[in-house]
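*Asks:* Residue numbers (this note's numbering), protein chains in the order written: chain A, 37 to 151; chain B, 114 to 226. Glycine residues also receive a C-beta, built at the ideal position from the N, C-alpha and C atoms.
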Amino acid sequence: GAGVSQSPSNKVTEKGKDVELRCDPISGHTALYWYRQRLGQGLEFLIYFQGNSAPDKSGLPSDRFSAERTGESVSTLTIQRTQQEDSAVYLCASSRGTSLFNEQFFGPGTRLTVL
Amino acid sequence: GNSVTQMEGPVTLSEEAFLTINCTYTATGYPSLFWYVQYPGEGLQLLLKATKADDKGSNKGFEATYRKETTSFHLEKGSVQVSDSAVYFCALRSGGSQGNLIFGKGTKLSVKP
Chain A
37 GAGVSQSPSN KVTEKGKDVE LRCDPISGHT ALYWYRQRLG QGLEFLIYFQ
87 GNSAPDKSGL PSDRFSAERT GESVSTLTIQ RTQQEDSAVY LCASSRGTSL
137 FNEQFFGPGT RLTVL
Chain B
114 GNSVTQMEGP VTLSEEAFLT INCTYTATGY PSLFWYVQYP GEGLQLLLKA
164 TKADDKGSNK GFEATYRKET TSFHLEKGSV QVSDSAVYFC ALRSGGSQGN
214 LIFGKGTKLS VKP
């Protein structure tokens, strides 16, 4: 596609519910990253996928967070038993690779509000 | 660990004023440094980057020089426009297999006509 797309753009949920966020990377981009931006904070790295390698989950804040990616296509980020502190904008980015010279292109984000 | 610290905002300037947004970093090795911009209602966009010491990144009239001795990457523009109003993020990317970015908290810039 023309750019990274994410859905939904906004999600309001009740505490304790599960949510699933979707990211469509740019076609041909092998690397995909998820970040989280809480109010007044910078972006926090959550997880990244590179091709068919095992994902790097080192940034996930708890075991309630998980993500999947099939090949080099769509990725979903799942948050189970949501808590109010999960409220944030979740951003997805993709790049051709993980080299320092590969620019990361960001999607518009999903704003998650947990009531 | 690696981290980025940038000046807190918001910053409010009049059109044609000089802009500086300070950014310092802590990192092992030799990271690449970036400035990203987020215009209202839009996604993050790469503004400029520098991949080694003394490199100067520039774009759209903005400049930043990679200063290893002061571990800084300050963003400057000589004459800001209303259209520059946005949130600016300083970030670094260190070597290794991950390639993920480490961001500062962002600085909101408002330019008044």
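At a cut of 8 Å, does the stretch 119 to 133 of chain B reach the stretch 187 to 206 of chain B through at least three beta carbon pairs?
*Replies:* Cβ pair count under 8 Å is three or more, so yes.
*Asks:* List in chain order: all unbroken beta strand (DSSP E) runs of 3+ residues lying wholly within the stretch 113 to 143 of chain A.
*Replies:* Whole beta strand (DSSP E) segments, 3+ residues: 124 to 131.
*Asks:* Looking at C-alpha atoms only, which residue of A:Asn88, A:Asp122, A:Trp70 is the closest neighbour of Leu151 of chain A?
*Replies:* That would be A:Asp122, whose Cα lies nearest to the Cα of Leu151 of chain A.
*Asks:* Residues in its own chain within less than 7 Å of Arg100 of chain A by CB, not counting five upstream and five downstream?
*Replies:* Taken in chain order, the residues that qualify are Ile115, Gln116, Arg117.
*Asks:* For Ala177 of chain B, which of B:Leu214, B:Ser207, B:Cys203 has the nearest alpha-carbon?
*Replies:* Checked all of B:Leu214, B:Ser207, B:Cys203; the closest Cα to Ala177 of chain B is B:Cys203.
*Asks:* So what does DSSP say about Ser111 of chain A, is it helix, strand or coil?
*Replies:* The answer is strand: DSSP assigns Ser111 of chain A an E or B state.
*Asks:* Let me make sure I understand the geometry here. Which of A:Glu104, A:Gln119, A:Phe141 has the alpha-carbon closest to that of Leu113 of chain A?
*Replies:* Residue A:Glu104 is the option with its Cα nearest to Leu113 of chain A.
*Asks:* Comparing the C-beta of Lys218 of chain B with each C-beta of chain A, is any distance below 7 Å?
*Replies:* Closer than 7 Å: yes.
*Asks:* Please report how far the alpha carbon of Val150 of chain B lies from the alpha carbon of Leu126 of chain B, in whole angstroms.
*Replies:* Looking at the two C-alpha atoms, the distance is approximately 17 Å.
*Asks:* Going along the chain, which residues of its own chain have a beta-carbon closer than 7 Å to the beta-carbon of Arg58 of chain A, five neighbours each way excluded?
*Replies:* Around Arg58 of chain A: Gln42, Ser43, Val110, Thr112.
*Asks:* At a Cβ threshold of 7 Å, is Gly212 of chain B touching chain A?
*Replies:* Answer yes: the Cβ-Cβ gap between Gly212 of chain B and chain A drops below 7 Å somewhere.
*Asks:* Would a check of beta-carbon distances place Gly142 of chain B closer than 7 Å to chain A?
*Replies:* For Gly142 of chain B, the answer is no, since every Cβ of chain A falls outside 7 Å of its Cβ.
*Asks:* Note down, in chain order, every chain A residue with its Cβ under 9 Å from the Cβ of Phe202 of chain B.
*Replies:* Chain A residues near Phe202 of chain B: Gly78, Leu79.
*Asks:* Take every Cβ of the stretch 129 to 140 of chain B, pair it with every Cβ of the stretch 75 to 85 of chain A, and state whether three or more of those distances are shorter than 8 Å.
*Replies:* The stretch 129 to 140 of chain B vs the stretch 75 to 85 of chain A: no contact.
*Asks:* Along the stretch 148 to 164 of chain B, where does the CB come closer than 9 Å to a CB of chain A? Name the residues.
*Replies:* Going along the stretch 148 to 164 of chain B in chain order, one finds Tyr149, Gln151, Gly154, Glu155, Gly156, Leu157, Gln158, Leu159, Lys162, Thr164 with a Cβ nearer than 9 Å to chain A.
*Asks:* Per the DSSP calculation, Arg180 of chain B is bridged to which residue(s)?
*Replies:* DSSP output for Arg180 of chain B lists B:Ser185 as bridge partner(s).
*Asks:* Is the beta carbon of Gly174 of chain B less than 7 Å from the beta carbon of Ala163 of chain B?
*Replies:* Contact: no.
*Asks:* Thinking just about the alpha-carbon of each residue, which of A:Thr49, A:Ser63, A:Ala129, A:Gln120 is nearest to the one in Phe81 of chain A?
*Replies:* It is A:Ala129.
*Asks:* Of all Cβ atoms in chain B, is any one closer than 7 Å to the Cβ of Pro144 of chain A?
*Replies:* Taking Cβ atoms only, chain B reaches closer than 7 Å to Pro144 of chain A, which makes this a yes.
*Asks:* Please classify Pro144 of chain B as buried or exposed, where buried requires at least 16 neighbouring CB atoms within 10 angstroms.
*Replies:* When all chains shown are included, Pro144 of chain B counts as buried.
*Asks:* I'd like to check one pair, Ala67 of chain A with Thr134 of chain A: are the Cβ atoms closer than 7 Å?
*Replies:* In this structure, Ala67 of chain A lies closer than 7 Å to Thr134 of chain A by Cβ.
*Asks:* Could you work out which residues of chain B lie near Gln140 of chain A, taking near to mean beta carbons separated by less than 7 Å?
*Replies:* Under the 7 Å cutoff, chain B gives Leu214.
*Asks:* So is Tyr84 of chain A in contact with chain B if we call contact Cβ pairs under 7 Å?
*Replies:* Yes - at least one Cβ of chain B is within 7 Å of the one on Tyr84 of chain A.
*Asks:* Cβ of Arg72 of chain A within 7 Å of Cβ of Ala124 of chain A?
*Replies:* Yes, Cβ-Cβ distance for Arg72 of chain A and Ala124 of chain A is below 7 Å.
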